[in-house]
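Inspection log for the structure reproduced underneath, given as structure tokens.
Numbering (the UniProt record's numbering), first residue to last: 1 to 254.
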């Protein structure tokens with residue numbers, strides 16, 4: 001079965017809500033055991049209950065992706081319990097919106113630390129285990145902001161552009177070890193944060209929808225298919241690519 005993940009073990013960062021939660025549940029539905037990582041344990045516990053109803057195991061490990069010790073703890077606990085890591089979904093991310101000339105260095109470092117350094121550190125730690133196994137799949141969640149300019153989001157866009165190149169380099173370096181590294185680049189997805197902004201600033205949402213050829217925001221569940229495709233044998237000859245799930249945003253090019 002091309003899209004079957006039965007018996008696989010997947011780590012998902014930023015799994016407490018939004019895109020991370022949707023992908024985690026989707027992987028479970030495809031048969032994978034799921035290790036849930038986020039800074040908020042209470043929310044992770046709720047996701048774990050939902051996943052276990054799918055007939056697979058869920059392991060909750062609170063983690064700050066900018067902390068190397070936290071990351072190594074996730075890897076160690078996962079290997080201790082499941083003896084393998086098959087899939088990493090590098091999803092955790094943050095943003096701070098502010099004009100470039102007013103951007104505070106602390107905010108810059110915070111965004112880069114989670115969105116780029118955290119992605120590298122998690123990929124590195126998991127990659128070491130996958131090299132031992134001689135197989136594995138890493139999926140980095142990027143953004144249209146890694147390819148197109150989003151005003152007020154200079155650190156976010158810089159971090160996601162970095163993630164796109166990190167994906168390519170890791171794919172080339174680790175291909176001899178049987179490890180595939182790809183990315184998913186969403187446009188505006190109706191996560192809890194975006195939904196709150198949409199309710200407070202309806203004109204913002206209207207502009208985004210008008211700019212998107214499909215004329216709407218994406219939903220978290222609409223990224224599940226991309227994640228399962230890249231995590232499974234259905235994409236066994238694909239590596240170093242970032243799949244756009246953006247409703248046509250980057251195709252429009254205006």
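All C-beta atoms in this analysis are idealised placements derived from N, C-alpha and C, irrespective of residue type, glycine included.
Residue pairing by DSSP places residue 59 opposite 35 in a beta bridge. Per the C-alpha coordinates, the member of 155, 195, 128 and 197 positioned closest to residue 174 is 128.
A distance of 8 Å or more separates the beta carbons of residue 189 and residue 126. Between the region 179-189 and the region 227-242, the count of Cβ pairs shorter than 8 Å is three or higher; the stretches touch. In this structure, DSSP gives residue 139 an extended state, which the three-state scheme calls strand.
Listed as beta-bridge partners of residue 109 by DSSP are no residues whatsoever. If you draw a 10 Å sphere on the C-beta of residue 250, you find fewer than 16 other C-beta atoms in it, and that means exposed.
Under DSSP, residue 94 shares a beta bridge with no residue. Counted as a single uninterrupted DSSP element, the alpha helix (DSSP H) harbouring residue 167 occupies residues 154-174. Going by beta carbons, residue 11 and residue 47 fall outside the 8 Å limit. In the three-state reduction of the DSSP assignment, residue 10 falls in the strand class, which pools E and B.
In the structure shown, the three-state DSSP call for residue 186 is strand. Judged by DSSP in its simplified three-state form, residue 252 adopts helix. Rounded to whole angstroms, the separation of the alpha carbons of residue 230 and residue 88 is 11 Å. Between residue 212 and residue 205, the alpha-carbon positions lie close to 11 Å from each other. Note on geometry: alpha-carbon atoms of residue 248 and residue 214 lie some 7 Å from one another.
Excluding sequence positions up to five before and after residue 31, its CB lies within less than 8 Å of the CB of 4, 5, 6, 7, 8 and 56, all in the same chain and listed in chain order. Taking a C-beta distance under 8 Å as the contact criterion, residue 140 and residue 119 qualify as a contact pair. Counting only the Cα atoms, residue 160 lies some 7 Å from residue 116.
Just so you know, the alpha carbons of residue 94 and residue 102 end up roughly 18 Å apart. With a beta-carbon spacing of about 40 Å, residue 197 and residue 135 fall beyond the 8 Å limit used to define contacts. The alpha carbon of residue 237 has as its nearest neighbour, out of 123, 253, 59 and 176, the alpha carbon of 176.
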